[in-house]
Ligand SMILES: Cc1cc2nc3c(=O)[nH]c(=O)nc-3n(C[C@H](O)[C@H](O)[C@H](O)COP(=O)(O)OP(=O)(O)OC[C@H]3O[C@@H](n4cnc5c(N)ncnc54)[C@H](O)[C@@H]3O)c2cc1C
């Protein structure tokens with residue numbers, strides 16, 4: 002019997018247990034979970050709906066880490082379609098929204114119930130309120146809380162959202178086996194910017210193309226709904242850029258927002274001149290100039306951003322003013338000053354150095370029969386179902402390696 006300990010009952014740990022127990026190999030699985038129940042984070046995913054995967058979640062360019070091609074083989078060996086097929090075969094159907102998949106019930110609890118109950122039915126021993134702080138290896142066996150195991154899987158996540166369980170203690174376990182941890186950054190999180198204008202836009206949502214620049218070089222662009230807040234910006238496109246922001250905010254980093262990506266500056270200018278020639282209200286001041294094009298408050302803030310008094314009569318605006326307003330609608334620049342920390346971040350970028358793990362089996366190259374899967378590794382994906390797919394694909398890889406390993 003292959004006695005396997007899984008440290009962490011999150012998405013990757015639970016799925017690894019299921020895959021092991023469904024294999025033909027004689028396996029005994031014990032899950033050690035520090036919280037009072039498994040899978041707390043799963044309940045918070047996708048705003049409570051659990052964005053479980055993404056049709057692009059086998060594309061390597063949507064994943065990051067010091068070795069960006071490391072996850073390739075693992076994602077190809079258990080693709081989003083493999084996950085969808087497995088869940089569907091088990092009775093858990095999904096619904097698709099654009100490229101994202103959610104449980105048909107639209108409840109993250111469905112995914113957690115499935116994983117937890119399946120573990121129980123298959124006979125996994127689940128030990129909650131069991132934070133593991135020390136693992137010893139002697140005579141080829143791992144010793145955890147006085148129990149002996151042949152295999153150990155570290156599936157304890159990163160250090161983001163520690164109230165949901167993952168407090169970074171898994172890194173210490175790996176370090177005790179001489180594994181190195183790459184620098185850690187909060188990612189998929191809100192971005193802090195200079196806030197003179199974002200404060201005035203607090204609560205406003207607007208579709209925009211966001212581009213992040215470091216030392217004037219464009220690093221990444223993303224389109225979607227941005228939400229303005231006291232501290233800066235939030236929303237899906239801000240989340241996607243947050244990793245670059247976290248790593249570079251001290252490095253002349255700014256975000257440029259384009260509120261009318263389908264229009265050129267010239268087209269916007271023509272639009273503004275149309276309004277000036279055909280006023281829809283009288284007297285028309287700069288305050289209302291952009292009302293027919295953009296969210297009213299956003300339009301006013303852009304006017305202020307150009308240094309123009311919003312009470313100024315539009316007929317007093319110079320061609321240079323109109324040019325500048327049109328330009329600023331497409332280049333609304335905010336200096337990045339930081340990101341919200343690990344407490345609010347959805348994931349941790351960085352983690353266990355992947356050079357020290359086999360890219361097919363995820364077995365440690367330093368310690369036989371020690372494995373890691375999920376977010377603890379230095380692999381992270383975009384917002385939109387990529388990180389859960391990594392948790393499942395990597396758990397699958399580990400389970401195949403252990404179950405296929407000759408006793
Ligand atoms: C609010 C929020 C929303 C998210 N939404 C999505 C989404 O919609 N789609 C998506 O793809 N991803 C989403 N993510 C990211 C995704 O949830 C994680 O990447 C994924 O859960 C990682 O799985 P994991 O098993 O590696 O780690 P975790 O899910 O963090 O699980 C680790 C488990 O290990 C336990 N543990 C930690 N240390 C120890 C220890 N020393 N001893 C015992 N147990 C320990 C923890 O309590 C935890 O239960 C979201 C994350 C957050 C925080």
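Residue numbers (the working numbering): 2 to 408.
Note that beta-carbon positions come from the ideal geometry of N, C-alpha and C, so glycine has one too.
Just so you know, these numbers come straight off a predicted model, no measurement behind them.
From the DSSP output, in three-state form, read off residue i for me.
i: residue 17; result: helix
i: residue 163; result: helix
i: residue 78; result: helix
i: residue 31; result: strand
i: residue 376; result: helix
i: residue 188; result: strand
i: residue 150; result: strand
i: residue 371; result: strand
i: residue 358; result: strand
i: residue 382; result: strand
i: residue 183; result: coil
i: residue 136; result: coil
i: residue 156; result: coil
i: residue 4; result: strand
i: residue 415; result: In the structure displayed, the chain extends from 2 to 408; residue 415 sits before or after that span and is not available.
i: residue 400; result: helix
i: residue 365; result: strand
Are the beta-carbon atoms belonging to residue i and residue j less than 8 Å from one another?
i: residue 109; j: residue 49; result: yes
i: residue 191; j: residue 235; result: yes
i: residue 42; j: residue 165; result: yes
i: residue 327; j: residue 269; result: yes
i: residue 171; j: residue 9; result: yes
i: residue 377; j: residue 152; result: no
i: residue 346; j: residue 310; result: no
i: residue 333; j: residue 303; result: yes
i: residue 40; j: residue 21; result: no
i: residue 177; j: residue 136; result: yes
i: residue 188; j: residue 349; result: yes
i: residue 111; j: residue 81; result: no
i: residue 215; j: residue 251; result: no
i: residue 306; j: residue 329; result: yes
i: residue 17; j: residue 227; result: no
i: residue 379; j: residue 353; result: yes
i: residue 393; j: residue 64; result: no
i: residue 331; j: residue 261; result: yes
i: residue 85; j: residue 102; result: yes
i: residue 282; j: residue 271; result: no
i: residue 29; j: residue 60; result: no
i: residue 389; j: residue 12; result: yes
i: residue 19; j: residue 116; result: yes
i: residue 222; j: residue 335; result: no
i: residue 168; j: residue 210; result: no
i: residue 163; j: residue 322; result: no
i: residue 351; j: residue 184; result: yes
i: residue 207; j: residue 299; result: yes
i: residue 205; j: residue 229; result: yes
Under 8 Å by Cβ, that's how I've got residue i and residue j pegged, so tell me the actual separation to the nearest angstrom.
i: residue 71; j: residue 360; result: 5 Å
i: residue 232; j: residue 193; result: 5 Å
i: residue 128; j: residue 31; result: 6 Å
i: residue 337; j: residue 374; result: About 32 Å; that fails the 8 Å criterion.
i: residue 51; j: residue 240; result: Contact flag wrong, Cβ pair sits at about 16 Å.
i: residue 132; j: residue 35; result: 4 Å
i: residue 6; j: residue 224; result: That belief does not hold up - the Cβ atoms of residue 6 and residue 224 are roughly 44 Å apart, past 8 Å.
i: residue 429; j: residue 146; result: There is simply no residue 429 to check, as the chain begins at 2 and stops at 408 in what is shown.
In chain order, each beta strand (DSSP E) run of at least 3 residues that lies wholly inside the region 281-345 | 333-340
>> Which runs of the alpha helix (DSSP H) at least 4 residues long sit entirely within the region 193-259? Give them in chain order.
In response: 197-201 and 237-249
Task: Those runs of the beta strand (DSSP E) which lie wholly inside the region 53-134 and span at least 3 residues - done: 95-98, 101-104 and 126-128
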